[in-house]
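Take a look at the structure set out below.
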Amino acid sequence: MPVDDAPEDEGQGTPRQTYNFAPGYHGVVYRADVPDRGAGHRRGRDESDQGKAITETAAPDRPAGEVSPVKYKMQSMQWGLIPFWTKRDPGYSTLSKTINCRDDSLSTPGGMWSTMKAGKRCIVVAQGFYEWLKTGRDKLPHFVRRKDGQLMCFAGLWDCVKYEDSDEKRYTYTIITTDSNKQLKFLHDRMPVILDPGSEEIRTWLDPRRHEWSKELQDLLRPFGGELECYPVTKEVGKVGNNSPSFIIPVASKENKSNIANFFANASAKQKPKLEPTVAAKEEPEGFQAGQKQPVPEVISKAAQDEGSEAKAGIKREAPEADAGEERPKKMASRASPVKSRQSRISATSNGSKSPAKSKQDGTQKITKFFANSA
Numbered sequence: 330m331p332v333d334d335a336p337e338d339e340g341q342g343t344p345r346q347t348y349n350f351a352p353g354y355h356g357v358v359y360r361a362d363v364p365d366r367g368a369g370h371r372r373g374r375d376e377s378d379q380g381k382a383i384t385e386t387a388a389p390d391r392p393a394g395e396v397s398p399v400k401y402k403m404q405s406m407q408w409g410l411i412p413f414w415t416k417r418d419p420g421y422s423t424l425s426k427t428i429n430c431r432d433d434s435l436s437t438p439g440g441m442w443s444t445m446k447a448g449k450r451c452i453v454v455a456q457g458f459y460e461w462l463k464t465g466r467d468k469l470p471h472f473v474r475r476k477d478g479q480l481m482c483f484a485g486l487w488d489c490v491k492y493e494d495s496d497e498k499r500y501t502y503t504i505i506t507t508d509s510n511k512q513l514k515f516l517h518d519r520m521p522v523i524l525d526p527g528s529e530e531i532r533t534w535l536d537p538r539r540h541e542w543s544k545e546l547q548d549l550l551r552p553f554g555g556e557l558e559c560y561p562v563t564k565e566v567g568k569v570g571n572n573s574p575s576f577i578i579p580v581a582s583k584e585n586k587s588n589i590a591n592f593f594a595n596a597s598a599k600q601k602p603k604l605e606p607t608v609a610a611k612e613e614p615e616g617f618q619a620g621q622k623q624p625v626p627e628v629i630s631k632a633a634q635d636e637g638s639e640a641k642a643g644i645k646r647e648a649p650e651a652d653a654g655e656e657r658p659k660k661m662a663s664r665a666s667p668v669k670s671r672q673s674r675i676s677a678t679s680n681g682s683k684s685p686a687k688s689k690q691d692g693t694q695k696i697t698k699f700f701a702n703s704a
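Quick note on numbering: the sequence shown equals residues 330 to 704 in the numbering used here.
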């Protein structure tokens, strides 16, 4: 698309480059280079007298077959249309009500948009747009952009106003909306009118020679037929004044630092190198238990230094055999207690000092045996 004029990068009223564009901000508008009153013949209202209808003076007729070249310009304008007949600053609340214009409101003659749709049509350039999905009481912001990566060209209308107490001209614009396509029906019932860059549709929409509203112009206002990308983004975009490139990054993306899944993934990735030396340290005792040559030779060598040739005695004191020997006294302790309990069962009338074996000696016999022998 040809551009014969463009706004300055710095200064008052320059376009704002932001990832959170709000009503009242200055954006980039592409339009035909026509006077502030618009293109061609039109009926309007005098800026000094809102009630009078006037007819603009048309340019002299050109010879037959001669076509004047059309020039196009990029211009910085404020989002939220203010009609040319406005006498004083309406304020932000009124400005925010005219950021959008419904396509069905342009299908009938008259109305607020009649002068703009006839000779003040424009294209609003943006990377994409936000829309909020209602989920109960909550609203989840989504970012929508073209899948092919090209800039979006929204169909719009513009106007120029000069207040009674000021000589400064104020350029404002609105974006035309239409029914949502099938892809965005779940998100909202309305979407901006999107035209393809450099297409015949844009040339028709911006043609200043079309200074009367027609069915051909109305038919351009339809849902977008191309492919779009739509995904949830951070809720921080809902606060005016916030601005960050992360606002257009998907919430579930690996590039999104606020994604909780990425937070745990990054934490585990940082811990992995720390775990490696710990695992290596655990392998050393496992090797020792398997009988590898690590601690055992050191113990034997020390014993050999102390005992000389009797170093073999140290072999009997290996860790596995010592551990096995220590477990046996625990089992014997449990056997000793029942033996003591059996000894305590002997009658209390018996003489504990006598040995039970002495009762079997020859001198100790029954008394009946004694009387039998005497007889």
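Think of the CB as a built atom: it goes at the ideal place given N, C-alpha and C, for glycine as much as any other residue.
The model shown is predicted, which means the values in this text are computed figures rather than measured ones.
Cβ-based neighbour list, residue i, same chain, cut-off 8 Å, excluding 5 preceding and 5 following
i: E530; result: L524 and L549
i: V332; result: Y359, Y401, K402 and M403
i: C482; result: Y359, I452, V453, V454, I523, L524, D525, P526 and I531
i: D536; result: A361 and V399
i: G637; result: Below a pLDDT of 50, predicted positions are generally treated as unreliable, and G637, at 48, falls in that range; no measurement from the model is reported.
i: E497; result: K491
i: R499; result: Q407, I411, C489, V490, K491 and Y492
i: L480; result: V454, A455, Q456 and P526
i: M330; result: Y359, Y401, P526, G527 and I531
Exposed unless 16 or more other CB atoms sit within 10 angstroms - verdict on residue i
i: Y421; result: exposed
i: L435; result: buried
i: R532; result: exposed
i: M441; result: exposed
i: A335; result: exposed
i: G340; result: exposed
i: R475; result: buried
i: G478; result: exposed
i: K449; result: buried
i: T563; result: buried
i: T415; result: buried
Sequence-distant residues of its chain with Cβ nearer than 7 Å to residue i (five each side left out)
i: G567; result: P470
i: Y502; result: V358, M406, W408, L410, C451, V453, G485, L486 and W487
i: E460; result: H471, V473, L516 and H517
Beta-carbon separation (whole angstroms), residue i vs residue j, contact threshold 8 Å
i: P552; j: M520; result: 7 Å
i: V453; j: G485; result: 4 Å
i: V473; j: L513; result: 7 Å
i: P344; j: G356; result: 6 Å
i: D432; j: T507; result: 5 Å
i: D365; j: C489; result: 4 Å
i: Y348; j: S573; result: 6 Å
i: W542; j: A447; result: 6 Å
i: G367; j: T444; result: 7 Å
i: I577; j: G457; result: 7 Å
Boundaries of the beta strand (DSSP E) in which residue i is found, first to last residue
i: M520; result: R519 to P521
i: W408; result: Y401 to W408
i: E558; result: L557 to P561
i: W534; result: Here W534 belongs to no beta strand (DSSP E); instead the alpha helix (DSSP H) covers E529 to L535.
i: N429; result: N429 to R431
i: D334; result: Run containing D334: none; DSSP gives neither H nor E here.
i: F350; result: Here F350 belongs to no beta strand (DSSP E), and DSSP marks it neither H nor E.
i: F515; result: Careful: F515 lies outside any beta strand (DSSP E) and carries neither H nor E.
i: D488; result: M481 to V490
Segment limits, alpha helix (DSSP H) that includes residue i
i: G440; result: No alpha helix (DSSP H) holds G440; DSSP gives it neither H nor E.
i: T423; result: Y421 to L424
i: T464; result: Unbroken run through T464 is the beta strand (DSSP E), F458 to T464; no alpha helix (DSSP H).
i: Q548; result: Gln is not the amino acid found at residue 548; the sequence shown has Asp there. Here the alpha helix (DSSP H) through D548 covers K544 to D548.
i: T506; result: Element bounds for T506: not the alpha helix (DSSP H) but the beta strand (DSSP E), R499 to D508.
Residue i beta carbon near the ligand ZN (any heavy atom closer than 7 Å)
i: G440; result: The ligand ZN is absent from the structure shown, which contains no ligand whatsoever.
Neighbourhood of residue i by C-beta distance below 6 Å, restricted to the same chain and skipping five residues each side
i: R539; result: none
i: N510; result: P552 and F553
i: E558; result: R474 and K476
Validate contact between the region 423-432 and the region 499-514 using beta carbons, cut 8 Å, 3 pairs = At 8 Å Cβ cutoff, the stretches touch.
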